[in-house]
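Student: As numbered in numbering that gives the first Met the number 0, the sequence shown has no gaps in its residue numbers, which increase by one up to the final residue, 49.
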Amino acid sequence: MAVHRLQAPFDQATTWLMWRKGMRGANLSAWIDLQQGETVAQATELAVSA
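Have a look at this one:
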């Protein structure tokens with residue numbers, strides 16, 4: 000996976016993910032797992048630095 004940072008103001012945009020009911024495949028599940036892992040990591044960093 001490659002990541003490319005967006006320039007301001009788009010680098011702080013909120014993204015909404017929507018899909019049809021019953022259409023959650025392996026790719027979508029993997030993406031959701033990645034996002035949830037980042038959220039947990041960020042929360043842990045905040046707790047440690049507090």
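C-beta atoms are modelled at their ideal positions from N, C-alpha and C, and glycine is treated no differently.
Helix, strand or coil for Trp30? Go by DSSP, reduced to three states.
Tutor: In the sequence shown, the residue the question calls residue 30 occupies position 31. Reduced to three states, the DSSP call for Trp30 is helix.
Student: Determine the direct distance from the alpha carbon of Met17 to that of Gly24, and round the result to whole angstroms.
Tutor: In the sequence shown, residue 24 corresponds to position 25, counting from 1. In the sequence shown, residue 17 corresponds to position 18, counting from 1. Whole-angstrom Cα-Cα distance: 13 Å.
Student: What is the DSSP secondary structure of Ala12, counted as helix, strand or coil?
Tutor: Your numbering for residue 12 matches position 13 in the sequence shown. DSSP places Ala12 in coil when its eight states are reduced to three.
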